[in-house]
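Below is one structure, written out as structure tokens; the observations come after it.
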Amino acid sequence: MPFAIRFTDRDGVREMKKALRAEHLEYVESNRSRIVVSGGTFPDDDDFPVGGIIILDVDTRAEAVEYIENDPFFVHGIFSEYLVERFVKFIFDGKRAAG
């Protein structure tokens, strides 16, 4: 069952986030079989991410929480908050999803 995870960075963590980026990307890559889509969110006036969205295909909400709470960005205090919710697609790739 897919879960949407939305997270937001704390203010003032840009340099720390840059320093942790390789460790974060390694973590994401090691979980790629469970990730439907993953990416950063950006302000209109900057090309550095200030948060992100992940659609994670796991069986339980607890597994989604475990995933985000083991991300090096979370472990090192980059995120100010995160939200985990069940996700059901309605439109995908310009087409209505079955169901």
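The opening residue of the sequence shown carries number 1215 in the working numbering; numbering runs sequentially from there.
Note that the Cβ used here is the ideal one computed from N, Cα and C, for glycine as well.
Secondary structure of residue i, DSSP reduced to three states
i	result
proline 1263	coil
alanine 1312	coil
valine 1227	coil
histidine 1238	helix
isoleucine 1282	helix
Sequence-distant residues of the same chain with beta carbon closer than 6 Å to residue i, five excluded per side
i	result
leucine 1297	Arg1220
aspartate 1271	Pro1216, Arg1248 and Val1250
glycine 1265	Phe1221, Thr1222, Asp1223 and Thr1255
Given residue i as reference, the closest of the options once Cα atoms are compared
i	options	result
glutamate 1295	Ala1236, Val1302, Glu1283 and Ser1244	Glu1283
phenylalanine 1287	Leu1239, Ala1311 and Ile1249	Leu1239
Exposure label - residue i; buried when at least 16 CB within 10 Å
i	result
phenylalanine 1304	exposed
aspartate 1260	exposed
aspartate 1258	exposed
alanine 1278	buried
phenylalanine 1256	exposed
aspartate 1273	exposed
aspartate 1285	buried
phenylalanine 1293	buried
Contact set for residue i: own chain, Cβ-Cβ below 7 Å, skip 5 residues either direction
i	result
arginine 1300	Met1215 and Phe1217
asparagine 1245	Tyr1281
glycine 1253	Gly1266 and Ile1267
Residues sharing a beta bridge with residue i, DSSP
i	result
serine 1252	Ile1268
leucine 1297	Arg1220
isoleucine 1305	Arg1310
The ligand ATP heavy atom lying under 6 Å from the CB of residue i
i	result
valine 1302	For the structure depicted, the ligand ATP is absent and the ligand set is empty, with no information on it obtainable.
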